[in-house]
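Engineer: From first to last, the protein sequence lines are chains A and B. For what it's worth, numbering that gives the first Met the number 0 labels the leading residue of the first sequence as 0, then goes sequentially. For what it's worth, numbering that gives the first Met the number 0 labels the leading residue of the second sequence as 0, then goes sequentially. In this text, a Cβ means the ideal position worked out from N, Cα and C, and glycines have one as well. Pasting a structure here, questions to come.
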Amino acid sequence: MTKYEIVIGLETHVELATDSKIFCSCGGHSSANEPNDCVCPACCGMPGMLPVTNKKVVELAMRAGLLLNCNINRYATFDKKSYYYPDLPCSYQITQWFHPICTNGSVEIKTKNGTRTIGIKQIHMEEDAGKLVHDDWTDTSLVDFNRTSVPLIEIVSKPDFRSSDDVLAYLENLKAMLRFAGVSECEEGAMRCDVNVSIRPEGSTELGVRTEIKNMSSLASIERAIKYETARHIDALERQTEVLVQETRRWDDIKNRTFSMRNKETAADYRYFPDPNLMPIVIDDEWLDSVKASMPASAAQKAEEYKGYGIADKDVEMLTAERNLCDLLDSVIARGCNPKDSVAWILTDCAGILRKNGQIMRNLNISGKKLARIITMVGKNEITRAAGKKVLAAVIEKDVDVDEFCRENSLNAQTDQSAILAVVTRVLDSNAAAVQDYLGGKQKAFGALVGGCMRELKGNGDPATIRSLLEQELEKRR
Amino acid sequence: MKHYITEINPNGTIAVDDTILVKEYETTAGSKILEGFVPLFSAEAVERLINAGYEISGKTNVGEFGLDLLGEFSNSGAVCDGEYLVGAAADLIAKGEIKGALSVDLNGAPRRAAAISGIDFIKPTYGTVSRYGVIPCACSGEQIGVSASNADGLKELLSVIAGHDDKDGTSLPAEKYEYSLDENVSGMKIAVIRELYDKASDGVRAGIDSFKEKLTAVGAQVEEITFSLVEAAQTAWQIALAAETCNNVSRYEGVKFGYRTPNYKNIDELYVNSRTEGMNFLSKAAILYGSDVLSKGRYNYCYDKTLKIRRVVHDAVKAVFSEYDAILAPACGETAYVPYDIKDAFSRVFAESIFTAVPNLTGIPALVTNGVQLMADVYRESVLLSIAKSAEGRE
C-alpha cells in the first residue's frame with residue numbers, strides 16, 4: 000500500500016478580549032444573561048446606523064501579528080461579504096478580504112518529533128455572526144444577536160501540518176500565547192477552527208483534493224475529525240469507496256463522522272467589496288511603535304526573569320501559565336516585597352483560598368496593592384502570618400480594605416510589652432503545672448505556654464515578644 | 000398623490016425626506032419593504048435641527064430608496080403638478096408651505112427636483128454632514144442636503160446640520176463650518192462644461208445661457224471648457240451606486256424589519272417572496288446590476304475599475320478647480336418630466352445621471368438655483384452660496 004502524507008491547514012477564529020464590540024459600543028456578549036441582551040441598533044443592522052471601528056480591535060490584531068512574526072501591513076481595509084442567513088443582521092459580514100492587517104508570519108511548535116515551524120498566511124479582523132436557536136417543539140428558529148459583531152481575528156495557517164498531533168500542539172500553543180499576551184481570553188468556544196485536510200502519496204509535492212471541516216471548537220473533536228477524514232480520503236484513493244471532491248463538511252460528534260454540507264452554501268459568490276463606511280486603516284510608525292511598546296513580555300521572557308530571582312522552576316512554570324499571576328507577582332515585587340516570599344503567598348495561600356471556593360488560578364483577581372500590603376504587614380510583624388491569611392481570604396472573597404479589616408477584627412499584632420506581660424503573668428499563674436515541668440527541664444512545656452499566651456491574645460500576639468517575655472518571667476520563677 | 004408619507008406636525012416648517020430617520024415615526028424610504036419600520040433614533044441632522052428649535056412637518060415622499068428621477072416610483076405614488084412630475088419637498092417649498100427640507104442626494108433626485116420647481120438645493124461636501132440615520136444605499140457618495148427658497152435659507156439650515164459626528168466613521172473632523180454669502184463673485188472664473196451643455200434640451204440650455212448673463216453682469220468671467228470624463232464619471236457612479244445599493248438593501252429580507260410576505264413555507268421562500276413583493280422594478284434592476292458588477296468574474300473589470308475611474312475623475316476635477324472657482328452645468332436634461340413606465344426607469348435614470356454624477360462620485364459640493372447646477376471644490380460651499388445669492392433678483 001502507498002504511504003500517504005497528511006496535509007492540513009487551519010483557519011482559526013479567535014474572539015478578541017475587548018470591552019465592546021467591533022463596530023459599536025455594546026458590551027461583550029459574555030456579560031449577557033438573556034438572548035438579545037447585548038444589542039443595539041447598530042449591531043442589529045438597523046437601516047441608518049453606521050459602523051465605527053473599535054481601535055482596540057485593530058491594536059489586538061496587530062499584537063497577534065507581532066506574536067506570530069507577521070508583517071504588519073500599513074494599509075488595511077474592511078470589506079463586505081454578502082450572503083443571506085438569518086443570524087446575519089445586514090445580510091453581509093464585515094471582514095478583511097482585499098488588504099488584511101497581517102500577512103506572512105510563522106510560529107514554532109513543539110511536538111513529539113521535535114520543533115517544527117508552521118507558516119502563517121495571514122491574520123484578518125472580522126465581526127462574528129449571531130446565533131440561531133432551533134425550537135423543535137414549536138418548529139421555529141429564534142435569533143440571538145448577542146454574539147453579532149463580537150470582534151474576531153481569523154488566523155490562516157499555511158498547509159504545514161502533517162498530523163493531528165501537530166494541529167493540537169499548534170492550537171495549545173496559540174491559545175497560551177494569545178491568552179498570555181491579552182489578545183483573547185480564549186475561553187470555552189472563543190477559539191473555533193476550520194480544518195482543511197488532504198492527503199498525498201509520500202514524496203509528492205502536489206496537494207491532493209482538500210475538504211474543509213467547519214467550525215470545530217474542541218481539541219478532542221478536532222483530533223477525531225482529522226483521523227476520520229484521513230481514513231476516508233485513503234479509502235477513497237485506495238479502494239475507490241467514493242470520489243473525493245473539494246467541499247465543506249460538518250463533524251458530527253455523536254455519530255463520530257463527517258457529513259457533506261449542502262453545496263449551495265459553499266458555491267455562493269460573496270461579492271466582496273471595500274466597505275465605504277469604514278475608512279482604510281493606515282498604520283504609521285508611531286502607532287506601530289506604541290503597540291510594540293505596549294506588548295506584554297512573553298511567558299518565556301517572564302520565566303527567565305523569575306528564575307533570576309531564584310524562584311523554583313516548578314513555581315515559575317505555574318506562574319507563567321497565567322498572565323494574571325505574573326501581573327500580580329510583578330506588582331507586589333514592584334511594591335518592594337521579596338520575590339520568593341511573594342510567590343509563596345500567591346501559589347500557596349491564594350491558591351488555597353481559591354481551591355476552597357472551587358476556583359482556579361485564572362480566577363484570581365486581587366489587587367497587587369492589597370497583597371503587597373498584607374505581605375508587608377506580616378513581614379514587619381504588624382500582623383501574624385495567620386492573621387495575614389485571614390485578611391487575604393477576606394480580600395479575595397469580598398475585596399475588603401486591608402487596614403480596615405485588621406482594625407475591625409483586632410488582627411493587629413500586639414507588640415505592646417506591658418499588655419503582653421500581663422497576659423504572660425496570667426498564663427503562668429494559672430498553669431502552675433506546666434511552669435513546674437519547664438523548670439524541671441521539660442522544654443516541651445514551653446510550647447504549651449506560648450500557645451496559651453497566643454490563645455489569650457486571640458492569635459494576634461507578636462510571637463517573638465511572647466517568647467522573650469515568657470523566658471524572662473520563667474527565669475524569675477526558677 | 001401625497002406630499003407626505005407620514006405627517007408629523009402641521010405647524011412644522013422643515014420637511015424630512017422619508018429616506019432619513021425621524022425617531023418614532025414610520026420611515027419607509029418610499030418602499031413597501033420597509034412598511035411598518037419605526038426607527039428608535041433620529042438622524043443626526045434631524046436631531047440638530049430639532050435641538051436648534053426647528054419643527055419637523057413630516058416625512059416627504061421619495062421614490063423607493065431615492066433611486067428614481069423625482070420620486071415618481073414611491074410606494075405611495077408620484078407627486079405631480081398638473082401633468083408634470085415634481086419632487087414632494089421641492090414642491091412644498093415652491094408653494095411656500097414649508098421653509099426648507101432635508102433630502103438625501105444619492106443620484107441627483109433632489110437636485111433635479113429643485114431645478115424643476117425653481118427652488119434652491121445644496122448637496123454639501125461629502126463628510127461634512129453626518130449620514131447617521133440615512134437609509135443607506137450608496138454610502139460612498141450619498142449625502143444629506145438641504146433645500147430652501149433662496150441662498151439665505153440654504154446657509155441657515157446647512158450651518159445647523161454640518162459638523163463632525165462620532166457616529167459616522169466618514170464624518171470629517173471639523174466641529175463646525177462657517178458659510179458665507181458674501182464672497183466676491185466679481186472676478187470669479189466659472190467654467191461651463193461643454194459636454195453637459197450639449198446633452199441638455201433647448202429649454203435647459205436657455206436657462207444656462209440666461210444664468211451666464213447674470214454671472215457676467217456681476218463681474219464673473221464665464222468660459223466654456225471640455226471635460227471628457229463626464230461619461231466615465233456617469234458610468235462609474237452608476238456602478239458604485241448599484242453595487243452599494245444591492246449590498247445595503249440585502250438586509251431587507253422579511254426576517255428582521257419591514258415587510259414580510261405571508262406566502263412562504265421555508266426560509267428561501269420567505270426571502271424571495273418578501274423581496275419580490277416588497278421592492279419595485281427599478282430597485283430590482285439596481286440589485287441585479289449591482290450583483291453583476293460585484294460578482295467574481297466581473298469585479299476586476301467593473302467595480303475595481305470604477306474605483307480607479309473615481310480617482311481619475313477626482314484628479315481631473317481638482318485640475319479644473321485649480322483654474323476655476325466653480326463649474327456651471329445643467330442639473331437635468333429636461334425642464335419638465337411626465338410620468339412614464341417603470342420598465343424604462345433604469346435607463347432613464349442612468350441617462351439623466353450624466354448631469355449629477357460627478358459630485359456624488361467625487362464628493363464635491365453642488366448647488367442648484369435658477370434651474371441650473373453649480374459645483375465647486377470640496378469645502379467651497381461659500382463660493383456656491385455667494386454665486387446663488389448674487390444672482391438673486393436679477394432677471
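Tell me which same chain residues have a C-beta within less than 6 Å of the C-beta of A242(B), skipping the five on either side of it?
Structural biologist: Here the set comprises G289, V292, L293, Y302.
Engineer: Along chain A, in chain order, which residues have C-beta atoms closer than 9 Å to that of P38(B)?
Structural biologist: By Cβ distance, chain A contributes P40, M45, P46, G47.
Engineer: Within the segment 281 to 336 of chain B, note down every full beta strand (DSSP E) run reaching 3 residues or more, in order along the chain.
Structural biologist: Counting whole runs of 3 or more residues, the segment 281 to 336 of chain B contains the beta strand (DSSP E) stretches 325 to 329.
Engineer: Grab the span of the beta strand (DSSP E) containing T375(A) for me, first residue to last.
Structural biologist: Element bounds for T375(A): not the beta strand (DSSP E) but the alpha helix (DSSP H), 367 to 378.
Engineer: Could you tell me whether the Cβ atoms of V484(A) and M190(A) are closer together than 8 Å?
Structural biologist: Residue 484(A) is absent from the model: chain A starts at 0 and stops at 477.
Engineer: Between the segment 274 to 288 of chain A and chain B, which residues of the former have CB atoms less than 9 Å from a CB of the latter, in chain order?
Structural biologist: Residues passing the 9 Å Cβ filter: D274, P275, N276, L277, M278.
Engineer: Are the CB atoms of R322(A) and K368(A) within a distance shorter than 8 Å?
Structural biologist: Contact flag unset, no.
Engineer: Can you name, in chain order, every residue of its own chain whose Cβ lies under 7 Å from the Cβ of Y378(B), other than the five neighbours on each side?
Structural biologist: Taken in chain order, the residues that qualify are T124.
Engineer: Which residues, in chain order, does the segment 64 to 91 of chain A contribute to contact with chain B at a C-beta distance below 7 Å?
Structural biologist: Within the segment 64 to 91 of chain A, the residues whose Cβ lies closer than 7 Å to some Cβ of chain B are K79, S81, Y83, P85, P88, C89, S90, Y91, listed in chain order.
Engineer: Nearest by alpha-carbon distance to G35(B): which of K255(B), A344(B), D197(B), T334(B) is it?
Structural biologist: Of K255(B), A344(B), D197(B), T334(B), the residue nearest in Cα terms is K255(B).
Engineer: Have a look at the DSSP bridge pairing and note the partners of H12(A).
Structural biologist: H12(A) is bridged to E153(A), R191(A).
Engineer: Does any C-beta atom of chain A lie closer than 8 Å to the C-beta of L91(B)?
Structural biologist: No, L91(B) lies away from the interface with chain A (no Cβ there is under 8 Å from its Cβ).
Engineer: Name the chain A residues that come within less than 8 Å of D165(B), Cβ to Cβ?
Structural biologist: Those within 8 Å of D165(B) in chain A are V51.
Engineer: Here's a check: name, in chain order, each residue in its chain whose Cβ is nearer than 8 Å to the Cβ of A16(A), leaving out the five neighbours to either side.
Structural biologist: Contacts found: L59, G181, V182, S183, E184.
Engineer: Just tell me which of V316(B), T355(B), P38(B) has its CA closest to the CA of K240(B).
Structural biologist: This sequence places Leu at residue 240(B); Lys is not what is there. It is T355(B).
Engineer: Quick one: which chain A residues come within Cβ less than 7 Å of L293(B)?
Structural biologist: Within chain A, the residues near L293(B) are R270, F272.
Engineer: Give the DSSP-derived three-state secondary structure of A350(B) in the structure shown.
Structural biologist: A350(B) falls in the helix class under three-state DSSP.
Engineer: Could you pull out every unbroken beta strand (DSSP E) segment of at least 3 residues lying fully inside the segment 40 to 81 of chain B, listed in chain order?
Structural biologist: For the segment 40 to 81 of chain B, whole beta strand (DSSP E) runs of length 3 or above, ordered along the chain, are 55 to 59.
Engineer: Could you compute how far the alpha carbon of P338(A) sits from the alpha carbon of I374(A)?
Structural biologist: If you take the alpha carbons of P338(A) and I374(A), they lie about 11 Å apart.
Engineer: Starting from Y91(A), trace the alpha helix (DSSP H) both ways and give me its first and last residue.
Structural biologist: Unbroken run through Y91(A) is the beta strand (DSSP E), 91 to 94; no alpha helix (DSSP H).
Engineer: Hey, how far is the Cα of K122(B) from the Cα of A150(B)?
Structural biologist: Roughly 13 Å separates the two Cα atoms.
Engineer: Tell me the DSSP bridge mates of W250(A)?
Structural biologist: Note: W250(A) sits in a beta bridge opposite T257(A).
Engineer: Could you name the residues of the same chain whose beta carbon sits closer than 6 Å to that of D312(A), not counting the 5 residues immediately before and after it, in chain order?
Structural biologist: Closer than 6 Å at the Cβ level, and outside the excluded window around D312(A), lies no residue.
Engineer: Closest to N183(B) by CA distance: which of G29(B), E230(B), S158(B), Q220(B) is it?
Structural biologist: Closest by alpha carbon: Q220(B).
Engineer: Output, in chain order, the set of chain A residues within a Cβ distance shorter than 9 Å of T169(B).
Structural biologist: By Cβ distance, chain A contributes L49, P275, N276, L277, M278.
Engineer: From the DSSP output, in three-state form, read off G152(B) for me.
Structural biologist: G152(B) falls in the helix class under three-state DSSP.
Engineer: Can you look up H98(A) in the DSSP assignment and give me helix, strand or coil?
Structural biologist: Looking at H98(A) - three-state DSSP - the assignment turns out to be coil, as it is neither helix nor strand.
Engineer: In terms of residues, what are the limits of the beta strand (DSSP E) holding N272(B)?
Structural biologist: Careful: N272(B) lies outside any beta strand (DSSP E), inside the alpha helix (DSSP H) at 266 to 277.
Engineer: May I ask you to verify whether the segment 112 to 121 of chain B touches the segment 366 to 377 of chain B, counting CB pairs closer than 8 Å and requiring at least 3?
Structural biologist: As far as the Cβ criterion goes, the segment 112 to 121 of chain B touches the segment 366 to 377 of chain B, which means the pair count is three or higher.
Engineer: From Q121(A) to L9(A), what does the alpha carbon distance come to, in whole angstroms?
Structural biologist: Taking the straight line joining both Cα atoms gives about 11 Å.
Engineer: How should M176(A) be labelled, buried or exposed, when 16 other C-beta atoms within 10 angstroms of its C-beta is the threshold for buried?
Structural biologist: Its Cβ being crowded by 16 or more others within 10 Å, M176(A) is buried.
Engineer: What's the call for G52(B), buried or exposed, on a 16-neighbour Cβ count within 10 Å?
Structural biologist: By the 10 Å Cβ count, G52(B) comes out exposed.
Engineer: State yes or no: is the beta carbon of V217(B) nearer than 8 Å to at least one beta carbon in chain A?
Structural biologist: False, the Cβ-Cβ gap to chain A never drops below 8 Å.
Engineer: Helix, strand or coil for P462(A), going by three-state DSSP, please let me know.
Structural biologist: P462(A) falls in the helix class under three-state DSSP.
Engineer: Answer yes or no: does any C-beta atom of chain A fall closer than 8 Å to that of C331(B)?
Structural biologist: No, C331(B) does not count as interfacial toward chain A.
Engineer: Between I395(A) and I365(A), how many whole angstroms is the CB-CB distance? I'm expecting something under 8 Å.
Structural biologist: Right, the Cβ-Cβ distance comes to about 6 Å (below 8 Å), so this counts as a contact.
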